[in-house]
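*Asks:* For the sequence shown, UniProt numbering begins at 1 and goes up steadily by one. To start, I am sharing the structure in question, which I have written as structure tokens.
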Amino acid sequence: MRAWSVVAPGPVEEGALRLVEKPVPAPGDGELLVRVLACGVCRTDLHVTEGDLPVRRAGVTPGHEVVGEVAGLGAGVSGFTVGDRVGVAWLRWTDGTCAYCLRGAENLCPGSRYTGWDTDGGYAEYTTVPADFAHPLPAGLTDLALAPLLCAGIIGYRALRRASLPAGGRLGLYGFGGSAHLCAQVALAEGARVHVLTRGAAARRLALELGAASAGEAHAMPPEPLDSAILFAPVGDLVPVALRALDRGGVLAVAGIHLTDTPPLHYETDLFYEKELRSVTSNTRADARKFLTLAARYKVHATTHAYPLSRADVALRDLKAGRFDGAAVLVNDLG
Ligand SMILES: [Zn+2]
Ligand SMILES: [Zn+2]
Numbered sequence: 001m002r003a004w005s006v007v008a009p010g011p012v013e014e015g016a017l018r019l020v021e022k023p024v025p026a027p028g029d030g031e032l033l034v035r036v037l038a039c040g041v042c043r044t045d046l047h048v049t050e051g052d053l054p055v056r057r058a059g060v061t062p063g064h065e066v067v068g069e070v071a072g073l074g075a076g077v078s079g080f081t082v083g084d085r086v087g088v089a090w091l092r093w094t095d096g097t098c099a100y101c102l103r104g105a106e107n108l109c110p111g112s113r114y115t116g117w118d119t120d121g122g123y124a125e126y127t128t129v130p131a132d133f134a135h136p137l138p139a140g141l142t143d144l145a146l147a148p149l150l151c152a153g154i155i156g157y158r159a160l161r162r163a164s165l166p167a168g169g170r171l172g173l174y175g176f177g178g179s180a181h182l183c184a185q186v187a188l189a190e191g192a193r194v195h196v197l198t199r200g201a202a203a204r205r206l207a208l209e210l211g212a213a214s215a216g217e218a219h220a221m222p223p224e225p226l227d228s229a230i231l232f233a234p235v236g237d238l239v240p241v242a243l244r245a246l247d248r249g250g251v252l253a254v255a256g257i258h259l260t261d262t263p264p265l266h267y268e269t270d271l272f273y274e275k276e277l278r279s280v281t282s283n284t285r286a287d288a289r290k291f292l293t294l295a296a297r298y299k300v301h302a303t304t305h306a307y308p309l310s311r312a313d314v315a316l317r318d319l320k321a322g323r324f325d326g327a328a329v330l331v332n333d334l335g
């Protein structure tokens, strides 16, 4: 089969990602062989390609927002048949035996493995996934529409739950990219009043179109105190800004895997009256399954840009250069 391979991590413009021949992977015990239909392009794929993340598998094939169909079953698989449409996401495997897994926090498992980093992902004709980590996909959404939900959507959903928004509550979203605009749609469908605080004028327009109650500059105060806030922008300077916007007892969740340093916090203004500051780390399978169910019910949709899979390198270069809004999705034209 043909597959993209990170031959030597470095700038994507200089050929770090090459289209190569690889054998069609054989599904191991408990695994599915998946024929790729579409694969979303996530910024993490760029980090894997350019070496911002350490190499965990030489020549890895990136891609962890895979919509595919089951093409083969390894030994001992039940619950799936050839032809089923499934999703393959970032979390590929956890040990199931550590203290975190045992208490339902598998997102914190120290032994966890990730699709398109530890193992070959979806920038290829075929990939594999442990059946226990494959996601059944709701009908009624196209491959193109589903792909971006499998990373950006799931992460945004976990951040929303970590922010403990009360029913009908007031939610602030700092930054309004891929994850945030999907998270906003879930919050709005559940009756929240959403205030978006972000620097991009186009993003503020999109927020209002989706039904946000207000959209302002990132450093502005929202028009009312917030019960919960989520910081999607990787900007530590915004931590005290968002904490000050919280009402008494409010919660700020930091959604990103990376954040610039925060300035000193002032206990009186930023944390007293039982305000809480929380981080968000990866997600569990339960998060993914709940979100995919709700996404279908609430008709959550991402703005997508289709690229042929044979041009994955162009899609990553365009992502790096900010040449499109919304999410790029690779559609398999390789076979
Ligand atoms: Zn991702
Ligand atoms: Zn574990």
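Ideal Cβ placement from N, Cα and C applies to all residues, glycine included.
Where does Leu-334 sit, in a helix, a strand or coil, going by DSSP?
*Replies:* As a first step, residue 334 must be located in the sequence shown, where it is residue number 334. If DSSP states are grouped into helix, strand and coil, Leu-334 belongs with coil.
*Asks:* I'd like to know whether the C-beta atoms of Val-20 and Thr-49 end up nearer to each other than 9 Å.
*Replies:* By 1-based counting over the sequence shown, the position of residue 20 is 20. By 1-based counting over the sequence shown, the position of residue 49 is 49. No; because the gap between Cβ atoms is not below 9 Å, this pair is not in contact.
*Asks:* Let me check understanding here. Comparing Cα to Cα, which of Pro-27, Leu-37 and Lys-22 lies closest to Asp-333?
*Replies:* On the sequence shown, position 333 is the one that residue 333 refers to. The shortest Cα separation from Asp-333 among Pro-27, Leu-37 and Lys-22 belongs to Leu-37.
*Asks:* DSSP three-state label for Val-70, please.
*Replies:* Counted from its first residue, the sequence shown places residue 70 at position 70. Three-state DSSP puts Val-70 in a strand.
*Asks:* Would you check if the distance between the CB atom of Arg-193 and the CB atom of Gly-175 is smaller than 9 Å?
*Replies:* Position 193 of the sequence shown, counted from the first residue, corresponds to residue 193. Position 175 of the sequence shown, counted from the first residue, corresponds to residue 175. No. Outside cutoff.
*Asks:* With a CB to CB cut of under 8 Å and the five nearest residues on each side skipped, what residues in its chain are close to Lys-275?
*Replies:* Numbered from 1 along the sequence shown, position 275 holds the residue referred to as residue 275. Counting only Cβ-Cβ distances below 8 Å, and skipping sequence neighbours, we find Leu-243, Leu-246, Arg-248, Gly-249, Gly-250, Val-251 and Leu-252.
*Asks:* With Tyr-307 as the anchor, note down where its beta strand (DSSP E) starts and where it stops.
*Replies:* Within the sequence shown, the letter at position 307 stands for residue 307. Its beta strand (DSSP E) spans residues 304-308.
*Asks:* Is it buried or exposed, Gly-156, if we count other Cβ atoms within 10 angstroms and call 16 or more buried?
*Replies:* Here the question's residue 156 lines up with position 156 in the sequence shown. Gly-156 comes out buried.
*Asks:* Beta strand (DSSP E) containing Thr-127: first to last residue?
*Replies:* One-based indexing of the sequence shown puts residue 127 at position 127. Taken as a continuous stretch (DSSP letters only), the beta strand (DSSP E) holding Thr-127 covers 126-130.
*Asks:* Does the separation of the CB atoms of Trp-90 and Thr-44 fall below 9 Å?
*Replies:* Translated into the one-based positions of the sequence shown, residue 90 becomes position 90. Translated into the one-based positions of the sequence shown, residue 44 becomes position 44. Contact flag set, yes.
*Asks:* Given a cut-off of 9 Å on the beta-carbon distance, is the pair Val-280 and Leu-149 in contact?
*Replies:* Here residue 280 refers to the residue found at position 280 of the sequence shown. Here residue 149 refers to the residue found at position 149 of the sequence shown. No.
*Asks:* Is the segment 177-196 close to the segment 207-217, with three or more CB pairs under 8 Å?
*Replies:* The answer is yes - the segment 207-217 touches the segment 177-196, with three or more Cβ pairs under 8 Å.
*Asks:* Which value, in whole angstroms, describes the spacing of the CA atoms of Leu-294 and Ala-288?
*Replies:* Position 294 of the sequence shown holds residue 294. Position 288 of the sequence shown holds residue 288. About 10 Å.
*Asks:* Below 8 Å on the Cβ atoms is my contact criterion, and I expect Arg-85 with Leu-53 to pass it. Report the Cβ-Cβ distance as a whole number of Å.
*Replies:* Within the sequence shown, the letter at position 85 stands for residue 85. Within the sequence shown, the letter at position 53 stands for residue 53. In fact, because the Cβ distance is near 29 Å, the residues do not count as touching under 8 Å.
*Asks:* Counting only runs that start and end within the segment 238-297, where is the beta strand (DSSP E) found for 3 or more residues in a row?
*Replies:* Whole beta strand (DSSP E) segments, 3+ residues: 246-254 and 276-279.
*Asks:* Less than 9 Å between the beta carbons of Ala-233 and Ala-215, yes or no?
*Replies:* In the sequence shown, residue 233 corresponds to position 233, counting from 1. In the sequence shown, residue 215 corresponds to position 215, counting from 1. No, the Cβ-Cβ distance between Ala-233 and Ala-215 is not below 9 Å.
*Asks:* Could you tell me whether any non-hydrogen atom of ligand 2 is closer than 8 Å to the CB of Thr-284?
*Replies:* Within the sequence shown, numbered from 1, the residue matching residue 284 stands at position 284. For ligand 2, not one heavy atom lies less than 8 Å from the Cβ of Thr-284.
*Asks:* Compute the distance between the beta-carbons of Leu-17 and Asp-313, then report whether it is under 9 Å.
*Replies:* One-based indexing of the sequence shown puts residue 17 at position 17. One-based indexing of the sequence shown puts residue 313 at position 313. Result yes, Cβ atoms of Leu-17 and Asp-313 sit closer than 9 Å.
*Asks:* Return the chain-ordered list of same chain residues with a C-beta closer than 7 Å to the C-beta of Ser-164, the five sequence neighbours on each side being excluded.
*Replies:* Position 164 of the sequence shown, counting from 1, holds the residue named residue 164. Ser-228 and Val-251, listed in sequence order.
*Asks:* List in chain order the residues whose CB is within less than 5 Å of at least one heavy atom of ligand 2.
*Replies:* My final list is Thr-94, Asp-95, Cys-98, Cys-101 and Cys-109.
*Asks:* Count the other C-beta atoms from every protein chain shown that fall within 10 angstroms of the C-beta of Pro-264, then say buried if there are 16 or more, exposed otherwise.
*Replies:* Position 264 of the sequence shown, counted from the start, is the residue given in the question as residue 264. Counting Cβ neighbours within 10 Å, Pro-264 comes out exposed, since fewer than 16 surround it.
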